Amino acid sequence: MRADRRDALALIGGGFAVLSGRAYAQTAPALALTASRLTQGGWARGQASPGLALDLDGAPVRSDPTGLFLIAFDRDAKPAALITGKLDGRPVARLPLTISPRAWQIENVDTPLRPPAVPSEEFQRIRAGEIAQIAEARSHKIQSDGWRQQMIRPVPGRISGRFGAQRIYRGEPGSYHTGLDLAAATGTPILAPADGVVILAAETPFTLEGKLLMIDHGMGLSSALLHCSAHKVKRGDRVAQGQSVAEVGMTGRATGPHLHWGLRWGDARLDPLLFLPEAAM
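Here's what the structure looks like:
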């Protein structure tokens with residue numbers, strides 16, 4: 002067998018890359034993580050050779066022209082994940098990852114889980130429109146470098162609700178908390194946690210989220226700031242980290258003034274604490 006057609010096996014960034022053919026016989030494509038919190042609700046940034054088409058467990062992963070990329074892991078992510086890099090549709094690099102499990106805040110309640118009330122036709126109509134607006138806002142690919150930044154707290158308030166917390170009703174799990182709640186007085190300025198572009202600013206309060214403000218930080222990472230009393234920016238505005246973009250309120254379904262800060266990467270729901278310098282598990 003000719004040397005330039007011989008398969009090679011290379012170790013790259015903790016994973017193995019299978020390389021075939023003349024184009025890959027001498028130089029292995031790069032695929033490695035540069036920073037990470039490899040746990041449920043966490044994230045990782047990495048570097049790949051420019052031109053590699055990446056996927057995470059089969060789902061496409063965006064990268065910039067230099068090969069930088071971001072991935073993240075849902076609250077219920079499985080313990081193993083695989084990043085694959087392809088050239089001309091052929092896998093040329095593989096990076097296996099181990100995702101650490103989390104010990105979530107669980108409250109066991111000695112009452113049965115009540116079935117949800119059947120919503121009225123009017124509520125269903127309104128809610129369907131709200132969900133469609135959120136989906137449309139997330140459907141666009143925004144160019145921003147906010148995803149590269151270490152985030153800051155949108156408000157300095159006390160943590161009143163943690164991501165992933167859940168109640169168990171006589172063995173039957175209820176829905177889990179999908180963001181970080183920060184208690185603060187109505188009117189407290191809300192700061193952009195990272196650079197980005199405003200993709201939704203709901204002036205008419207949504208039924209659940211109230212005056213919802215959404216910021217896309219690039220690479221599919223977006224913040225949702227719920228229950229605002231007022232917005233200081235509009236859709237399409239570019240915002241800088243630390244810029245005042247809204248005010249704390251209790252619009253929508255809220256029992257008191259606070260900010261609910263949600264983070265998503267694609268469909269994965271993430272723990273905002275893991276994006277902060279004082280991250281606590």
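Residue numbers for the sequence shown follow the numbering used here, so the first one is 2 and each next one is one higher.
Ideal placement from N, C-alpha and C gives every residue a C-beta, glycine not left out.
Small disclaimer: the values here were computed from a predicted structure and weren't measured.
Distance from W105 to G219 at the Cβ level is roughly 29 Å; contact not present, criterion being Cβ atoms closer than 8 Å. In this chain, I100 is not harboured by any beta strand (DSSP E), its DSSP state being neither H nor E. Under the DSSP assignment, Q125 falls in the alpha helix (DSSP H) whose first and last residues are 122-139. In the DSSP assignment, H228 falls within the unbroken beta strand (DSSP E) covering 222-229. Within a 10 Å sphere around the beta-carbon of R171 sit fewer than 16 other beta-carbons, which makes this residue exposed. When only Cα atoms are considered, I72 and P97 end up about 13 Å apart. V234 and V246 have their C-alpha atoms roughly 6 Å apart.
Non-local beta-carbon contacts of T35 in its own chain, meaning distances under 7 Å to residues more than five positions away in sequence, involve R46, G47, Q48 in chain order. With a cutoff of 8 Å on beta-carbon distance, V93 and P51 are scored as not near each other. If you look at E108, you'll find it in the beta strand (DSSP E) that goes 107-110.
Here F70 is bridged, per DSSP, to G47, S64. Annotation: E131 to R139 spans about 13 Å, alpha carbon to alpha carbon. Inter-segment contact for the segment 112-125 and the segment 74-92 is absent: fewer than three beta-carbon pairs are separated by less than 8 Å. Under DSSP, E173 takes part in a beta bridge, and its partners are Y170. Partner residues in a beta bridge of G188, as assigned by DSSP, do not exist. The shortest CA-to-CA distance from F164 to any of S37, A193, A269, E137 is the one to A269. The continuous beta strand (DSSP E) containing G197 extends over residues 197-202. In the DSSP annotation of this structure, L114 is not part of any beta strand (DSSP E), being labelled neither H nor E. In this chain, the beta strand (DSSP E) harbouring W266 covers 259-266. DSSP places L53 in the coil class of the three-state scheme, outside both helix and strand.
Excluding sequence positions up to five before and after T179, its CB lies within less than 6 Å of the CB of G263, R270, all in the same chain and listed in chain order.
When C-beta atoms of the segment 224-233 are compared with those of the segment 205-215, three or more pairs fall below 8 Å, so the two segments count as touching. Apart from the 5 residues on each side of it in sequence, S37 sits with its Cβ closer than 6 Å to the Cβ of A45 in its chain, given in chain order. Boundaries of the beta strand (DSSP E) around T85: 81-88.
Straight-line spacing of the CA atoms in L53 and G68 works out to 8 Å. Under the Cβ criterion (8 Å, minimum of three pairs), the segment 152-161 does not count as touching the segment 200-209. If you draw a 10 Å sphere on the C-beta of A241, you find fewer than 16 other C-beta atoms in it, and that means exposed. Linking T205 to P155 through their CA atoms gives a straight-line distance of about 22 Å.
DSSP, reduced to helix, strand and coil, places P273 within a helical segment of the structure shown.
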